[in-house]
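Chemist: One structure, pasted below without further comment.
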Amino acid sequence: NAIYGFRADDATVQSLTAKINGTRTPDTFLDVYALGFTNNPSAVDTLIGLTKDSQEYVRQAAISSLGNIGATTQFGLLKTLYQDPQVSWQDHCIALKAIGDLNTDESKAFIAAEAKKLGSASSKESQVLSRILSLYL
Numbered sequence: 166n167a168i169y170g171f172r173a174d175d176a177t178v179q180s181l182t183a184k185i186n187g188t189r190t191p192d193t194f195l196d197v198y199a200l201g202f203t204n205n206p207s208a209v210d211t212l213i214g215l216t217k218d219s220q221e222y223v224r225q226a227a228i229s230s231l232g233n234i235g236a237t238t239q240f241g242l243l244k245t246l247y248q249d250p251q252v253s254w255q256d257h258c259i260a261l262k263a264i265g266d267l268n269t270d271e272s273k274a275f276i277a278a279e280a281k282k283l284g285s286a287s288s289k290e291s292q293v294l295s296r297i298l299s300l301y302l
């Protein structure tokens with residue numbers, strides 16, 4: 166969306182936010198992704214709140230969407246989610262992907278440092294993280 170200059174208006178963000186905060190369905194996570202694809206900074210606060218949601222797909226869609234929307238001010242939150250040993254393995258991976266999506270000097274340096282730190286580690290976790298990192302190197 167940022168590439169094409171698309172940005173949904175505030176009314177669209179408000180409508181999606183109301184839908185997400187209303188009665189949940191099995192497809193609510195798709196609305197969270199749609200919120201991220203609005204490319205509207207007014208969606209960021211809602212996405213931040215959803216990174217702690219109890220529903221796994223909703224939470225992961227919010228984490229991913231912070232990267233998609235280019236929420237560069239949320240690098241610290243994404244880094245914390247990535248490094249927190251208490252978050253799920255999937256959240257960990259999605260936070261790393263979102264950091265790469267930010268595409269800032271800070272996030273690029275973090276990605277490079279993580280790649281160096283993982284090096285040639287052979288654990289399954291390290292291999293998966295290395296594959297994610299390779300998307301951004």
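Sequential numbering of the sequence shown, starting at 166, is according to this note's numbering.
Every residue gets a Cβ at the ideal spot worked out from N, C-alpha and C, and that includes glycine.
These numbers come from a predicted model, not from an experiment.
(1) Helix, strand or coil: which one does DSSP assign to D256?
(2) Return the chain-ordered list of same chain residues with a C-beta closer than 8 Å to the C-beta of L116, the five sequence neighbours on each side being excluded.
(3) Give a single yes or no on whether A236 has its beta carbon closer than 7 Å to a heavy atom of the ligand ADP.
(4) What do you get for F194, buried or exposed, if any count of 16 or more other CB atoms within 10 angstroms of its CB means buried?
(5) Below 8 Å on the Cβ atoms is my guess for A239 versus I213; work out the distance and round it to an integer in Å.
(6) In angstroms, rounded to a whole number, what distance separates the CA positions of L215 and Q225?
(7) At what residue ranges does the segment 201–227 contain a whole run of the alpha helix (DSSP H), taking only runs of 4 or more?
(8) Just the Cα atoms here: how many angstroms apart are S288 and A173?
(9) Please classify T190: is it buried, with 16 or more other beta-carbons within 10 angstroms of its beta-carbon, or exposed?
(10) Give the single residue among G170, V223 and S219 whose Cα lies nearest to the Cα of K184.
(11) With H, G and I counted as helix, E and B as strand and the rest as coil, what does DSSP make of Y247?
(12) Just checking my contact of S229 with G187 at CB under 8 Å: how many whole Å lie between their CB atoms?
(13) Grab the span of the alpha helix (DSSP H) containing N186 for me, first residue to last.
(14) Confirm, please, whether the CB-CB distance from T237 to T269 is below 8 Å.
Modeler: The answer reads as follows:
(1) Three-state DSSP puts D256 in a helix.
(2) The shown model of the chain, from 166 to 302, leaves out residue 116, and the question about it has no answer.
(3) You won't find the ligand ADP in this model; it holds no ligand whatsoever.
(4) Result: buried.
(5) A quick correction: the sequence has Gln, not Ala, at residue 239. About 7 Å; that satisfies the 8 Å criterion.
(6) In a straight line, the C-alpha of L215 is about 9 Å away from that of Q225.
(7) With a minimum length of 4 residues, the continuous alpha helix (DSSP H) runs that stay inside the segment 201–227 are 209–215.
(8) Rounded to the nearest angstrom, the gap between the Cα atoms of S288 and A173 is 42 Å.
(9) Counting C-beta atoms within 10 angstroms of its own C-beta, T190 has fewer than 16 neighbours from the protein chains shown and is therefore classed as exposed.
(10) Comparing alpha-carbon positions, the option among G170, V223 and S219 lying closest to K184 turns out to be V223.
(11) Reduced to three states, the DSSP call for Y247 is helix.
(12) Between G187 and S229 the Cβ distance is about 22 Å, and since that is not below 8 Å, they are no contact.
(13) Looking at the DSSP string, the run of the alpha helix (DSSP H) that includes N186 is D175 to N186.
(14) Result yes, Cβ atoms of T269 and T237 sit closer than 8 Å.
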